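Participant:
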Amino acid sequence: MPLLDDLLTRATADPRVAAVILTGSHARGLATEHSDVDVIVVVTAPADAWQRDRSPELDLGVLTPEQLADTSVRWPRYGFRGAQVLLDRGGVAALVERQAVPTADEARSWAREALDGYVNQLYRAVKSRRDGHPEAALMDERESVPWLLETVFALHGRIRPYNKYLEWELATHPLPDPWNEALAPAHVADHPVELFPAVAELALAHGHGDVLDEWGADIDLILSRAL
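44 is the number that our numbering gives to position 18 of the sequence shown; each next residue is one higher, with no gaps.
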């Protein structure tokens with residue numbers, strides 16, 4: 027990629043650049059003719075030579091090492107999964123890995139939060155179906171899918187993929203059976219209620235039974251629709 031080669035040459039010649047990170051579709055081998063080049067340049071100090079830039083060909087982000095080390099915002103972190111560190115003048119690869127992989131405490135917290143959200147959406151869905159509101163039920167079922175994905179990936183110590191990369195994630199970093207098939211894009215969106223018993227079993231195995239217990243008899247209502 028000439029555009030990337032030119033950027034890397036310029037970055038290598040600049041001592042203020044600590045790293046160059048390729049992310050997005052090009053990093054994962056999924057680029058198409060419509061894909062821009064997603065690059066993060068890590069600079070030791072703000073510099074006029076390196077500014078945020080977005081065009082149809084290039085999406086250039088600029089971070090300091092301190093900003094890259096900040097994992098407090100969850101949504102951008104999956105962007106570092108599969109990233110390629112093209113230039114590293116010390117320690118940046120470890121920061122990229124830290125973004126892409128949650129700590130055990132993070133994964134546990136995310137799993138509990140997402141499990142509660144998943145149960146909540148399923149409870150709304152099964153009540154709507156019971157009460158004769160199938161369209162509302164379908165909406166709630168679809169809204170439960172992000173919570174479902176978040177739960178299962180967190181229970182496996184992982185960050186939930188962006189929907190665009192879900193198939194890639196399962197192919198390149200498989201989960202234990204039966205989750206690769208269960209979470210496949212062609213399956214998961216249409217079966218969030220049916221997957222509840224397996225999710226509940228997984229949550230129990232990881233010590234999150236108390237989250238389910240707080241829902242009391244509502245769990246039985248969900249199971250009656252799931253089985």
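Virtual Cβ for every residue (Gly too), placed ideally from N, Cα, C.
Only a predicted model underlies this, so the values are computations on that prediction, with no experimental measurement involved.
Closest to arginine 100 by C-alpha separation, out of Ala231, Pro200, Pro187 and Gly233, would be which residue?
Facilitator: Pro187
Participant: Of the choices Ala95, Val63 and Pro204, whose alpha-carbon is the least far from that of proline 82?
Facilitator: Val63
Participant: Below 8 Å on the Cβ atoms is my contact criterion, and I expect aspartate 142 with valine 237 to pass it. Report the Cβ-Cβ distance as a whole number of Å.
Facilitator: So it is a contact: roughly 6 Å between Cβ atoms.
Participant: Hey, which unbroken runs of the beta strand (DSSP E) at 3 residues or more fall wholly within the stretch 91-123?
Facilitator: Complete beta strand (DSSP E) runs here, min 3: 110-114.
Participant: Look at the Cβ atom of tryptophan 136, then the Cβ atom of glutamate 195, and state whether they are nearer than 9 Å.
Facilitator: no
Participant: Give the DSSP bridge partners of arginine 80, in chain order.
Facilitator: Asp85
Participant: Among Ala224, Ala130 and Ala37, whose alpha-carbon lies nearest the alpha-carbon of proline 204?
Facilitator: Ala224
Participant: Looking at leucine 181: is its Cβ nearer than 9 Å to the Cβ of alanine 229?
Facilitator: yes
Participant: Out of Glu167, Arg103 and Ala231, which one is the CA nearest neighbour of aspartate 216?
Facilitator: Glu167
Participant: At the level of alpha carbons, what is the spacing between arginine 36 and asparagine 146?
Facilitator: C-alpha separation (whole angstroms): 51 Å.
Participant: Is threonine 90 near valine 69, with beta carbons less than 9 Å apart?
Facilitator: Contact: yes.
Participant: Which class does threonine 49 belong to by DSSP, given the choice of helix, strand or coil?
Facilitator: strand
Participant: In the DSSP assignment, the beta strand (DSSP E) including valine 63 goes from what residue to what residue?
Facilitator: 63-69
Participant: Between Ala140, Ser170, Asp131 and Glu132, which lies nearest to arginine 150 when the distance is taken from Cα to Cα?
Facilitator: Nearest neighbour of arginine 150 by Cα position, chosen from Ala140, Ser170, Asp131 and Glu132, turns out to be Ser170.
Participant: Using only alpha-carbon positions, find the residue among Leu48, Thr58 and Ala53 that is nearest to valine 88.
Facilitator: For the residues Leu48, Thr58 and Ala53, the minimum Cα distance to valine 88 belongs to Leu48.
Participant: With a threshold of 6 Å on Cβ separation, who are the neighbours of aspartate 244 within its own chain once the five nearest residues in sequence on each side are excluded?
Facilitator: Excluding sequence neighbours, aspartate 244 sits near Tyr149.
Participant: Among Arg80, Asp79, Val111 and Leu164, which residue has its Cα nearest to the Cα of leucine 94?
Facilitator: Val111
Participant: With a CB to CB cut of under 6 Å and the five nearest residues on each side skipped, what residues in its chain are close to valine 152?
Facilitator: Once the five neighbours on either side are set aside, the close Cβ partners of valine 152 are Leu247, Ile248 and Arg251.
Participant: Under a three-way DSSP split, which group does alanine 57 fall into?
Facilitator: Alanine 57: coil per DSSP, three-state reduction.
Participant: In the DSSP assignment, find the alpha helix (DSSP H) that holds arginine 168 and state where it starts and stops.
Facilitator: 160-181
Participant: Among Asp79, Asp131, Val122 and Arg80, which residue has its Cα nearest to the Cα of arginine 107?
Facilitator: Val122
Participant: Could you check the C-alpha separation between lysine 190 and leucine 174 for me, to the nearest Å?
Facilitator: Rounded to whole angstroms, the separation of the alpha carbons of leucine 174 and lysine 190 is 16 Å.
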